Every structure is written in C-alpha cells, then in structure tokens.
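Down below is the structure, laid out as structure tokens.
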C-alpha cells in the first residue's frame, strides 16, 4: 500500500427513498461526535483483520462534518449495525459521498496482487 490521506465525508451516508416518498433513514451524518474527536466513532465498530491504525478524526470540510481517515501502509475498516432500522422494500436507495485526496498508485481490486483501494462501501 502507498501512503495516502483519505477524506471520507459520510455526511450523505443515508438510506433513502427521497426520490419516491421523501422518507429516509440517516445512517450517519457525523453531527453527534464533537469536532476533533479521534479514533473509532461511538456507534461504530473497528474490524480487527490486518494491522489497522484507526487514524480517524471528525472534522469539518466545506461546511460539512466529515470523518477524515489517514492511512499509511495499512487499512482501517469500520462498520455500523443498522439491522432493524432499514427496510429495503421501503428505502431501497443508498446515498453517500466521500472525497479521496490521494489514490493508491496501481491499486486495482480486481486482482489480489494490486488489491488496494482508497475507499470502499459494502452493503
């Protein structure tokens, strides 16, 4: 992995049917953690595989609260349990945003020897 800085502005991380009904379930907008708080945010869980550093900070970028992830030769994965909060038949659209400052050189998740991504979302 290459050194990189990653902005993960999950302000818009929502499960939404706004297009159809205006209903939406906000998974995270980073409004609750105080600015400058570091580490795995409350309500999220760090995953233990690999050698994660969890260099995470809640910051503001362009007037939006964001989670800033810094990574150097490691990967940090956080998850949030939403079971029971989301009904896919009612809210089938997932919206999110992120900003990647530096992409890993040669990263390509299609091949195991170059499987290096700056940001991912799994559902």
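Residue numbers (the working numbering): 5 to 127. Just so you know, even glycine gets a beta-carbon here, dropped at the ideal spot from N, CA and C. In this text the structure is predicted, and so the values were computed from the model without any measurement.
The C-beta distance from residue 34 to residue 70 rounds to 6 Å, short enough to fall under 8 Å.
DSSP places residue 116 in the helix class (H, G or I) of the three-state scheme.
For residue 120, the closest of 98, 39 and 107 by C-alpha to C-alpha distance is 107. Scanning 30, 78 and 68 for the CA closest to the CA of residue 52 turns up 78. With 16 or more neighbouring CB atoms inside 10 Å of its own CB, residue 37 falls in the buried class.
The Cβ neighbour count for residue 96, taken over all protein chains shown within 10 Å, is under 16; the residue is labelled exposed. Within 10 angstroms of the beta-carbon of residue 30 lie fewer than 16 other beta-carbons, which makes it exposed. Here residue 115 is exposed. Its C-beta has fewer than 16 other C-beta atoms within 10 Å. Taking the Cα of residue 61 as reference, the smallest distance to any Cα among 47, 87, 84 and 74 is reached at 74. Looking at the backbone, the Cα of residue 83 and that of residue 118 are separated by about 24 Å. Judged by DSSP in its simplified three-state form, residue 55 adopts coil rather than helix or strand.
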